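Residue numbers (the UniProt record's numbering): 474 to 755. Heads up, the beta-carbon is just placed ideally off N, CA and C, and yes, glycines get one too. All values derive from a computational prediction rather than experimental measurement.
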Ligand code: C2E
Ligand code: CA
Ligand code: CA
Ligand code: CA
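Listed below in structure tokens is the structure:
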């Protein structure tokens, strides 16, 4: 009985520590990941619904760790923000995506690239000047025309400090890059700010798209967002389109652009390049 008790105790402590240990282990591995070439970008097409033309490619971070296996961004972006690792990682993402977009442009299939910005990259005042410098430098070094870069910033990050946001967005607009509001509809933004901020695109959060074929309130929300985007002359992209029914409803609402597994899941660069051939998604 004593031996069993001891074993139980060991089992208990290792269970208690496993979350913290996994976190520390993750941090250790993440610190090395960038230098060891374990990060890569997948790309998911943003599609004009009627023509099926690919108008953009969203870059989505993937981490292939030799010890942990494939780690998805939801499992490490938060940690990267807390540790500050998001700053070098975010810069790598931006540079890699812009190099790729320039490569697509030079090989005759020009397409916009969309890059996600984290709250820490965008909001922290000390990083703000840094963000503008980094974007300007990366555009100059890669040769990518600024209008082929779109930065995706979530609604909730933008609303944290509207004065800082406005200043940052104006700086980015002066560089000529496009600004997209990610996860739109989830962050309680005041509609007046949508008008004040220099925005180009709204992305309807996939939470509203999910049940749009069956849920009346989701249909109403999507219809309202679509009408508003039209009035404000913003490009509108619906995320998370998985089936034809959702697509038909959205295109009936004059939502012109979509993204989701229905068209393609995020794919490695070779497959993304194949999707840029005319008619690949028709
Ligand atoms: P997000 O920016 O909202 O990206 C969309 C997420 O939805 C992606 O998950 C994508 O794979 C997934 N998705 C696309 N189509 C569908 C669909 O039809 N159905 C469903 N259920 N999901 C779909 P992923 O790649 O795991 O990325 C998760 C989040 O991690 C992203 O959400 C973004 O917030 C963050 N993230 C990804 N890459 C980066 C990055 O380079 N930098 C930063 N700061 N954040 C990133
Ligand atoms: Ca995004
Ligand atoms: Ca999103
Ligand atoms: Ca999201």
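Through-space distance from residue 621 to residue 699, alpha-carbon basis:
Taking the chain shown and counting its residues from 1, one reaches residue 699 at position 226. Taking the chain shown and counting its residues from 1, one reaches residue 621 at position 148. Distance from the CA atom of residue 699 to the CA atom of residue 621, rounded to whole angstroms, is 24 Å.
Judging by CA-CA distance, which residue of 556, 671, 527, 539 is the nearest neighbour of residue 496?
Sequence index remark: in the chain shown, residue 496 carries index 23 (1-based). When each option's Cα is compared against that of residue 496, the closest is 556.
Hey, could you find the ends of the beta strand (DSSP E) residue 531 is sitting in?
Counting from 1 along the chain shown, the entry for residue 531 is found at position 58. 527 to 538 is the extent of the beta strand (DSSP E) around residue 531.
Buried or exposed: residue 593, going by 16 or more other Cβ atoms within 10 Å of its Cβ?
If you number the chain shown from 1, residue 593 lands on position 120. Around the beta-carbon of residue 593, 16 or more other beta-carbon atoms lie within 10 Å, marking it buried.
Inter-residue spacing [alpha-carbon to alpha-carbon] between residue 738 and residue 714:
Position 265 of the chain shown, counted from the first residue, corresponds to residue 738. Position 241 of the chain shown, counted from the first residue, corresponds to residue 714. Distance between the alpha carbons of residue 738 and residue 714: 10 Å.
Would residue 617 and residue 576 qualify as a contact pair, given that the criterion is a beta-carbon distance under 7 Å?
On the chain shown, position 144 is the one that residue 617 refers to. On the chain shown, position 103 is the one that residue 576 refers to. Not in contact: residue 617 and residue 576 (Cβ atoms no closer than 7 Å).
Alpha-carbon spacing of residue 659 relative to residue 559, whole angstroms:
Residue 659 sits at position 186 when you count from the first residue of the chain shown. Residue 559 sits at position 86 when you count from the first residue of the chain shown. Their backbone Cα atoms lie some 23 Å apart in a straight line.
Between residue 566 and ligand 1, is there a pair consisting of the residue's CB and a ligand heavy atom that are separated by less than 6 Å?
In the chain shown, residue 566 corresponds to position 93, counting from 1. Result yes, Cβ under 6 Å from ligand 1.
Range of the contiguous beta strand (DSSP E) that encloses residue 674
As a position in the chain shown, residue 674 is number 201, starting the count at 1. Counting along the chain, the beta strand (DSSP E) containing residue 674 begins and ends at 674 to 677.
How about residue 733: is its Cβ closer than 6 Å to a heavy atom in ligand 1?
Translated into the one-based positions of the chain shown, residue 733 becomes position 260. Answer for residue 733: yes, Cβ within range of ligand 1.
Touch test, the region 644 to 652 against the region 680 to 697, Cβ-Cβ under 8 Å, three pairs minimum:
Below 8 Å, too few C-beta pairs join the region 644 to 652 and the region 680 to 697 to call them touching: fewer than three.
Please determine whether the Cβ atom of residue 473 lies at a distance below 6 Å from any heavy atom of ligand 3.
Nothing about residue 473 can be read from this structure; the chain reaches only from 474 to 755.
Can you list every residue whose CB sits closer than 6 Å to some heavy atom of ligand 2, going in chain order?
Going down the chain, each residue whose beta-carbon is closer than 6 Å to a heavy atom of ligand 2 shows up: 531, 589, 625, 655.
At which residues does the alpha helix (DSSP H) containing residue 722 begin and terminate?
For the purposes of this step, residue 722 is taken as the residue at position 249 of the chain shown. Annotation for residue 722: the continuous alpha helix (DSSP H) segment containing it runs 717 to 725.
By DSSP, does residue 730 sit in helix, in strand, or in coil?
Mapped onto the chain shown, residue 730 falls at position 257. Three-state DSSP puts residue 730 in a strand.
To the nearest angstrom, how far is it from the Cα of residue 729 to the Cα of residue 718?
Numbered from its first residue, the chain shown carries residue 729 at position 256. Numbered from its first residue, the chain shown carries residue 718 at position 245. Put simply, the backbone Cα of residue 729 is about 15 Å away from that of residue 718.
Going by DSSP, name the residue or residues bridged to residue 585.
The residue given as residue 585 occupies position 112 in the chain shown. Paired residue(s): 529.
Taking 8 Å as the threshold, find out whether the region 744 to 754 comes into contact with the region 524 to 542 through three or more Cβ pairs.
Verdict: yes, contact present.
Just how far apart, CA to CA, sit residue 611 and residue 565?
The residue you call residue 611 lines up with position 138 of the chain shown. The residue you call residue 565 lines up with position 92 of the chain shown. Computed Cα separation, rounded: 10 Å.
Please return the same chain residues whose Cβ sits closer than 6 Å to the Cβ of residue 691, not counting the five positions on each side in sequence.
As a first step, residue 691 is located in the chain shown; it is residue number 218 there, counting from the start. Excluding residues up to 5 positions away in sequence, 681, 684, 685 lie with their Cβ nearer than 6 Å to the Cβ of residue 691 in the same chain.
Classification of residue 543 by the beta-carbon crowding that lies within 10 angstroms, buried from 16 upward
For the purposes of this step, residue 543 is identified with residue 70 of the chain shown, where counting begins at 1. By the 10 Å Cβ count, residue 543 comes out exposed.
Exposure label - residue 562; buried when at least 16 CB within 10 Å:
Mapped onto the chain shown, residue 562 falls at position 89. With 16 or more other Cβ atoms within 10 Å, it is buried.
Is residue 712 close to ligand 3? I mean its beta-carbon at under 6 Å from any heavy atom of the ligand.
Translated into the one-based positions of the chain shown, residue 712 becomes position 239. Yes, the beta carbon of residue 712 sits closer than 6 Å to at least one heavy atom of ligand 3.
Please return the same chain residues whose Cβ sits closer than 7 Å to the Cβ of residue 644, not counting the five positions on each side in sequence.
For the purposes of this step, residue 644 is identified with residue 171 of the chain shown, where counting begins at 1. For residue 644, where only same-chain residues beyond five positions count, the Cβ hits under 7 Å are 605.
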